[in-house]
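**Student:** One structure, as structure tokens, below. Some questions next.
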Amino acid sequence: MPPHWTAQTASLCESGGHRHFRLLGLRGHGRGRAIELSALLDPSFRLVVPLQRLRDRRHWLPGWQRLPPSEPEPETIPDSGQGRWDTPQRQSPVAAMQIIPAIDLLDGQCVRLHQGDYDRVTRFSDDPVAQALSWQEQGAERLHLVDLDGARSGQPINDAVVRAITASLTIPVQLGGGVRTAERADDLLACGLDRVILGTVAIEQPDLVRQLAARHPGRIVVGIDARNGLVATRGWIEDSRTQATELAASFEGSGVAAIISTDIATDGTLAGPNLEALRSMAEATSLPVIASGGVGSVTDLLALLSLAPLGVEGVIVGRALYDGSVDLGEALQAVGPARLQDPLDASLC
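By my numbering, the letter at position 278 of the sequence shown is numbered 278, and the numbering carries on one by one without gaps.
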């Protein structure tokens with residue numbers, strides 16, 4: 001059987017010489033989740049398409065499912081245990097967004113920086129494992145870790161804490177900060193992390209990012225931290241001349257799972273996300289975009305939800321959860337999958 005691969009929407013009807021596909025199932029989380037399609041004219045041919053390409057239900061019209069006139073119409077695929085996939089009749093998807101609590105680690109403690117300034121640190125907990133378990137118990141479906149010591153020095157200062165967190169949780173955990181070699185990325189993924197986030201190395205060694213994305217499909221994320229639209233590196237200490245949107249676009253088709261877009265000017269301020277910067281980022285790439293920085297209320301989350309149709313599939317929330325500005329349960333109800341009442345819509349988000 002040919003290996004799985006990703007196709008652009010425009011080529012779906014012609015890929016591999018086959019035009020007619022049947023929905024078989026789904027896997028993964030969020031907009032990056034893939035739908036497995038099988039060519040009706042050749043059951044041995046398989047095609048994996050990012051869910052983002054099928055969010056627009058115009059792609060789900062009967063014409064996409066119809067066989068040539070001489071063939072019978074395809075019957076509905078039975079439930080495989082992952083949801084029923086009848087041909088939808090409605091064409092307007094209902095948006096939802098993944099809320100990802102953040103734990104920033106500095107000297108083994110949970111902290112938040114103000115606009116990336118290491119001299120403006122607020123400490124929230126000295127027990128990161130307990131904090132991680134708390135977010136999981138409150139309904140989080142993914143946890144975001146940042147090794148601030150690693151981001152600044154490139155050294156794995158907080159590995160013992162990271163391993164303790166991954167061993168204690170059942171939800172996926174992703175980590176960024178100081179991951180600058182292939183060996184480091186390999187080690188982190190081997191110790192139980194679901195994803196690693198590459199920031200500095202993405203601008204300094206982009207080929208390494210592509211190699212790792214090929215080696216670890218769906219597990220490599222590019223973190224783009226920007227100040228006034230330009231990429232900042234090495235724990236936000238150094239500024240580059242590279243536009244954040246250009247860097248994101250350069251990883252198109254590389255196998256990278258997602259882009260985490262952090263606006264340094266709003267990070268840790270509770271002043272609201274930079275919606276225009278996020279819009280520009282989402283329009284610059286077809287990769288899933290995860291927003292980070294500035295969320296201070298559920299209203300901010302609802303504003304971000306308006307960008308979901310463009311490809312902003314999740315948001316990382318830190319300080320607002322710790323100081324009570326945002327309640328995780330309320331946030332999940334407002335913009336998470338729980339807000340979707342239609343079973344088909346819920347399975348798509």
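Ideal Cβ positions, reconstructed from N, Cα and C, are used throughout, including at glycine.
#1: Mind checking which residues open and close the alpha helix (DSSP H) that includes GLY223?
#2: Can you give me the Cβ contacts of CYS191 inside the same chain, cut-off strictly under 7 Å, excluding the 5 residues immediately before and after it?
#3: Does the structure place the region 213 to 221 close enough to the region 257 to 264 that three or more beta carbon pairs sit under 8 Å?
#4: Pair every Cβ in the region 287 to 296 with every Cβ in the region 314 to 322, then say whether three or more of these pairs are closer than 8 Å.
#5: CB-CB under 6 Å to TYR262, same chain, minus the five flanking residues each way: which ones, in chain order?
#6: What are the start and end residues of the alpha helix (DSSP H) that includes ASP159?
#7: Is the CB-CB distance between ILE171 and GLN136 below 7 Å?
#8: Report the three-state DSSP secondary structure of ILE197 (helix, strand or coil).
#9: In chain order, what residues of the same chain have a beta carbon less than 7 Å from the beta carbon of ASP126, not counting five sequence neighbours either side?
#10: Let me confirm a value: LEU302 is counted as buried when at least 16 other C-beta atoms fall within 10 Å, else exposed. Which label applies?
#11: Comparing the CB of ILE290 with every heavy atom of the ligand GTP, is any distance shorter than 6 Å?
#12: Measure from the alpha carbon of MET97 to the alpha carbon of each residue in HIS114, ARG142 and VAL121, then state which is nearest.
#13: Just mark THR299 as buried or exposed, buried being the case when its beta carbon has 16 or more other beta carbons within 10 Å.
#14: ASN158 to ALA244, Cα distance in whole Å?
#15: Please say whether LEU106 and LEU148 have beta carbons closer to each other than 7 Å?
#16: Would you say LEU321 and PRO101 are within 7 Å of each other, going by their C-beta atoms?
#17: Quick one, which of ASP194, PHE251 and VAL231 has its alpha-carbon nearest PRO206's?
#18: Three-state secondary structure (DSSP) at PRO337?
#19: Suppose the cutoff is 7 Å on Cβ atoms and the five residues either side in sequence are ignored; what does the same chain contact list for ASP239 look like?
#20: According to the Cβ coordinates, are LEU193 and VAL173 closer than 7 Å?
#21: Which residues share a DSSP beta bridge with ILE203?
#22: Going by the DSSP bridge assignment, what does GLY314 pair with across the sheet?
#23: Indicate the three-state DSSP secondary structure (helix, strand or coil) for THR266 in the structure shown.
#24: Counting C-beta neighbours from all protein chains within 10 Å, is the total for GLN131 16 or more, i.e. buried, or is it exposed?
#25: By Cβ distance below 7 Å, which residues in the same chain neighbour VAL121 in space, the five residues on each side in sequence not counted?
**Tutor:** Short version:
#1: Per DSSP, GLY223 belongs to no alpha helix (DSSP H); it is in the beta strand (DSSP E), 220 to 227.
#2: So the qualifying residues of the chain are ARG163 and THR166.
#3: In short, these stretches touch, since the Cβ pair count reaches three.
#4: Yes, since at least three Cβ pairs between the region 287 to 296 and the region 314 to 322 fall closer than 8 Å, the two stretches touch.
#5: A small correction: the amino acid at residue 262 is Thr; Tyr does not occupy that position in the sequence shown. Here the set comprises ASP225, SER292 and GLY293.
#6: Counted as a single uninterrupted DSSP element, the alpha helix (DSSP H) harbouring ASP159 occupies residues 159 to 168.
#7: Result yes, Cβ atoms of ILE171 and GLN136 sit closer than 7 Å.
#8: strand
#9: GLN109
#10: Classification for LEU302: exposed.
#11: Looking at this structure, you won't find the ligand GTP or any other ligand, since it has none at all.
#12: ARG142
#13: exposed
#14: 28 Å
#15: yes
#16: yes
#17: PHE251
#18: helix
#19: So the qualifying residues of the chain are ARG227, LEU230 and ALA232.
#20: yes
#21: Beta-bridge analysis with DSSP links ILE203 to no other residue.
#22: GLY314 pairs with GLN98 and ILE290.
#23: coil
#24: buried
#25: So the list reads LEU106, VAL111 and LEU113, once near-sequence residues are dropped.
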